[in-house]
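One rule links them: number in the working numbering = place in the sequence shown (from 1) + 318. Note that the Cβ used here is the ideal one computed from N, Cα and C, for glycine as well. Keep in mind that this is a model prediction, so the values were computed, not measured. Encoded as structure tokens, the structure appears first; notes follow it.
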Amino acid sequence: MDLPLKGIIPPLVTPLTENGELDLHGLNNLIGHVMGGGVHGLFLLGTTGEGTSLSYKIRRQMVTETCNLVQNSIPLLVCITDTALEESLHLAEHAKQAGADVLVIAPPYYLPISQTEMQDYLELLLPKLPLPFLLYNMPSCTKLNLSIDTIKKARNMGALGIKDSSGDLDYLKTLLKEFENNKDFSIITGSELYLPETILNGGHGAVAGGANFFPKLFVDLYEASLARDMQRITLLRKKIVQIDNTIYNVGQNSSKYIKGIKSALAALGICGDFTAPPVARFDELDRGKIKAHMDEFFLDTSFSLTK
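In structure tokens, the structure reads:
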């Protein structure tokens with residue numbers, strides 16, 4: 319695996335059947351679709367992948383089946399975050415045995431913890447990990463925004479980089495500036511609209527949820543950013559804004575982002591849109607809205623150039 323980690327790394331959704339089992343046919347379609355779009359890696363069991371809502375059985379199966387389908391052709395990242403350290407280690411070991419490349423670690427959720435407690439947790443967890451690891455900053459779900467000091471300590475303990483999903487551009491720029499001399503330490507944004515800023519300021523890529531259904535669009539934007547092609551960046555970013563204003567904004571609940579992505583995939587015939595409880599998929603009316611938005615994208619000739 320080449321370092322630093324870089325490029326477009328979709329946070330893969332977990333295709334499910336109506337009864338909550340892993341949809342193997344849908345998973346095969348999805349992986350073929352995103353890899354056909356030229357993505358540079360896959361991120362399993364993150365927020366978009368509903369990792370914390372899945373049974374441990376489904377989590378392990380998702381890792382195994384994906385590794386079998388990808389066959390080491392691109393890096394596979396597996397989020398092992400859990401409320402219990404022992405369960406994180408169990409999944410870490412399974413990921414290694416299945417053939418994954420990198421583990422992803424966010425602060426344990428539910429109980430609020432301090433920066434010092436997070437640093438102590440890392441000192442306990444990291445020496446026991448069987449694979450390299452990437453930090454994951456997701457304060458909206460974990461109640462902790464990782465400090466620069468915490469990130470530095472993790473880097474000194476072997477962190478390959480950080481995925482920042484804070485949605486805070488100033489924080490992201492601080493990360494980029496702080497670690498600009500650490501050439502093998504990846505700064506990867508989890509906010510799709512910040513992909514150009516990340517690359518233009520020395521960062522490495524994006525974990526972009528929209529790359530589940532329009533992978534080539536995000537690969538094109540990544541390549542335009544590397545080339546510093548501002549005209550093309552402007553054109554492509556408008557497409558990302560369209561996605562943000564449509565697919566991610568159907569429905570009322572904060573879960574609309576995950577529902578929207580799965581519904582878009584269903585509209586493309588790639589996999590179903592069933593979700594893991596407590597989240598329920600969109601009703602028929604909202605599924606129809608997503609289908610209409612996707613149809614509009616395909617009728618827009620300027621948009622179709624990027625698919």
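* Collapsed DSSP secondary structure at P329 in the structure displayed -> Strand at P329.
* Asked: What beta strand (DSSP E) runs, 3 residues minimum, are completely inside the stretch 397-479?
  -> 420-423 and 451-455
* **Cross-strand partners of S504 (DSSP beta bridge)** => G479
* To do: Could you tell me the distance, in whole angstroms, from the CA atom of G417 to the CA atom of L363?
  => Distance between G417 and L363, taken at the CA atoms: about 15 Å.
* V420 beta carbon less than 9 Å from that of G367 -> no
* Are the beta-carbon atoms belonging to V396 and V422 less than 9 Å from one another? -> yes
* **8 Å contact criterion, which G523 and I326 should meet: CB distance rounded** => About 6 Å separates the two Cβ atoms, so the contact holds.
* What does L360 pair with, by DSSP beta-bridge criteria? -> L394
* Can you check the stretch 511-548 for any alpha helix (DSSP H) of at least 4 residues that lies completely inside it and give the ranges in chain order? => Runs found: 513-518 and 533-544.
* To do: Evaluate K556 with the Cβ neighbour count: other Cβ atoms within 10 Å of its Cβ, from every protein chain shown; 16 or more gives buried, anything less gives exposed.
  => exposed
* Under the three-state reduction of DSSP, which class applies to L334: helix, strand or coil? -> strand
* Between which two residues does the alpha helix (DSSP H) containing Q645 stretch? -> A question about residue 645 goes unanswered here, because the residues of the chain that appear run from 319 up to 625.
* To do: Return helix, strand or coil for L627, following the three-state DSSP convention.
  => Here the chain covers residues 319 to 625 and nothing more, so residue 627 does not appear.
* Determine the burial state of D538: buried for a count of at least 16 other Cβ atoms within 10 Å of its Cβ, exposed for fewer. => buried
* Could you spell out the range, first to last residue, of the alpha helix (DSSP H) harbouring D601? => The continuous stretches of alpha helix (DSSP H) do not include D601, and DSSP gives it neither H nor E.
* Going by Cα to Cα distance, which pick from R599, T335, A402 and E541 is closest to L429? -> When each option's Cα is compared against that of L429, the closest is A402.
* **Contact under 9 Å by Cβ, L321 with S504** => In this structure, S504 lies closer than 9 Å to L321 by Cβ.
* Who are the Cβ neighbours of P533 in its own chain at under 6 Å, not counting the five residues just before and after it? -> Within the same chain, P533 has close Cβ partners V352, G355 and V357.
* Strand pairing of L340, partner residues [DSSP] -> L334
* Rounded to the nearest angstrom, how far is the Cβ of L323 from that of I466, given a contact under 8 Å? -> Wrong, their Cβ atoms sit about 20 Å apart, outside the cutoff.
* **Beta-carbon contacts of N346 that lie in its chain and below 7 Å, excluding the five residues immediately before and after** => Same-chain partners within the cutoff: L387.
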